[in-house]
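Undergrad: Sequential numbering of the sequence shown, starting at 1, is according to my numbering. Heads up, the beta-carbon is just placed ideally off N, CA and C, and yes, glycines get one too. In this text, all values refer to a predicted model and were calculated from it rather than measured experimentally. Provided herewith is a single structure, encoded as structure tokens, for subsequent inquiry.
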Amino acid sequence: MRLCYCILLLLMCFGALPSCYLLTAYKYRHLKLESLSSLPSVPLQKSEEPFHFIEAGTSKTRLKRTLDSILAPTHTYSFLIIRNDSILYENYFGNIKPETQLPSFSVAKSFVATLVGIARDEGKIHSLDDPITTYLPELKKRDPNLEKVTIQHLLDMRSGIKSLETANSPFSNVIKLSFGHNVTKIALKSKTEKTPGEKDYKNLNTQLLGLIVERATQQKLQDYLQAKIWTPLQMESNASWNTDARKTVRAFCCINATTRDFAKLGRLYLCQGQWNGQQIVSTDWVRACTDPKLMEQYNGYKNQWWSRPSTRTFRDSTEAYAFSQSTPYPSVVNSRPGRDGRSRFYRVAYRSPAYYAAGVLNQFVFVHPTKNLVIVRLGHYWGNSSFGPDAFLYWVGDQL
């Protein structure tokens, strides 16, 4: 079966393209950090006046000892905690250094969404309720139903657009978008498969958002990012964004940067869209992305940002209900019997004010506004089966 599949793969490639995306995908099936330099990309230039977080000197703290021990077996490459612009914890594992460019995968979606917000603030995108065909009129010929899909639908992954996203199929759009030579052509072949409104995470949504920003601003997406985010946020290191053969960025993923520079996106949102006195993106945009009530309404995904519910357990019902009433965020109290069958405990499930950008293999830019906290985790799949990486970030935030 494996031999037959390989022969079919080769026949398809030689019959279609001189350099098939399937062969490229196979070549990079075990992508390593060393492979980043061999993938086509465009540069993002560091600032001439870089912003530096404050070095807090945490070499012997209890926090460092605890986190070093927990993180060592988790396939983490870098872990950074910043509060009040001060670095509370920073560690790099293996051969990773502070200046190493690390892949963010779908963390890039939150950058692209921010560009949508900026373009809307500037009036280049008239409204998030605009049909996507306003900016991509050729889609009308593909499928008239695409006139019902709005920019907001794309932002919330509720477009109803058809897209095979499994990485196990050679015909998957995620493989085509990751390794295809013309991502714009792939995006403009979009069709709907359901009525817009139901959450359905598709990478194609963000690729279309990138194309809309380019059409609305008349700029390449990487140039708009450089001008509106990378330079204003005073990035301290050069970075890159992976592209297709036509130098069109893979908008749904693939910004490669240092850990500290990724943290600056978190700081921008923590500061309600301001950067040292300059309003980069409107406060209204930040609120629409991160408000816990909206996150609850949209099941933890809004404008290409994520949120997860939190829980606290109480032995006393009075304390549980008092906590539920005191939190300004949506909450519910559940009562369950204890192991002895007589006592009870009370679990309060509530939507935390924290939120995060997330990428495959567990990349995170985590923001906790009530703690004035930004955490960045980059690496490979989380290697601890006792608790998940997002739960760990919330736990760290609670401890601080």
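(1) Do V183 and Q222 count as a contact pair if the criterion is CB distance below 8 angstroms?
(2) Hey, could you find the ends of the beta strand (DSSP E) R351 is sitting in?
(3) Short of 7 angstroms in beta carbon distance, which residues of its chain neighbour R347, apart from the five on each side in sequence? Order them along the chain.
(4) Determine the burial state of K141: buried for a count of at least 16 other Cβ atoms within 10 Å of its Cβ, exposed for fewer.
(5) Starting from L188, follow its DSSP beta bridges and name the residues at the other end.
(6) So if DSSP puts P103 in a beta bridge, which residue, or which two residues, is it bridged to?
(7) For F364, count the other beta carbons within 10 Å of its own beta carbon; 16 or more makes it buried, fewer makes it exposed. Which is it?
(8) Could you check the C-alpha separation between G388 and Q101 for me, to the nearest Å?
(9) Going by the beta-carbon positions, is the gap between A239 and D261 smaller than 8 angstroms?
(10) For the beta strand (DSSP E) holding S169, just list the boundary residues, first then last.
(11) Using the three-state DSSP reduction, which class does L9 fall into: helix, strand or coil?
(12) Look at the alpha carbon of P144 and the alpha carbon of H181, and state the distance between them as a whole number of angstroms.
(13) Just to confirm my understanding: we take V376, look at its own chain, exclude 5 residues before and 5 after, and list those with CB closer than 6 angstroms. What are they?
(14) Just grab the DSSP bridge partners of I375 for me.
(15) Residue range of the alpha helix (DSSP H) that I212 falls in?
(16) Helix, strand or coil for Q279 per DSSP?
(17) Within 10 angstroms of the Cβ of V107, are there 16 or more other Cβ atoms? Answer buried if so, exposed if not.
(18) On the CB-based measure, 16 or more other CB atoms within 10 Å of its CB, does G160 come out buried or exposed?
TA: So, from the listed chains and residues:
(1) Result no, Cβ atoms of Q222 and V183 do not sit closer than 8 angstroms.
(2) Its beta strand (DSSP E) spans residues 344-351.
(3) Same-chain partners within the cutoff: T311, T313, N334, R336.
(4) By the 10 Å Cβ count, K141 comes out exposed.
(5) As DSSP reads the structure, L188 sits in no beta bridge.
(6) Bridge partners of P103: N256.
(7) Label assigned to F364: buried.
(8) Using only the alpha carbons, I get a separation of about 24 angstroms.
(9) Annotated as proximal: A239 and D261, with beta-carbon spacing under 8 angstroms.
(10) Looking at the DSSP string, S169 is not in any beta strand (DSSP E), and its letter there is neither H nor E.
(11) Residue placement at L9 is poorly supported in this model, since its pLDDT is 38, which falls under 50; the coordinates are not used for a value here.
(12) Taking the Cα positions, P144 is about 27 angstroms away from H181.
(13) Once the five neighbours on either side are set aside, the close Cβ partners of V376 are L80, T259, F262, A263, V365.
(14) DSSP lists I81, F366 as the bridge partner or partners of I375.
(15) I212 -> alpha helix (DSSP H) spans 203-217.
(16) Q279: strand per DSSP, three-state reduction.
(17) Burial of V107 is indicated by the presence of at least 16 other C-beta atoms within 10 angstroms of its C-beta.
(18) With 16 or more Cβ atoms within 10 Å of its Cβ, G160 is classed as buried.
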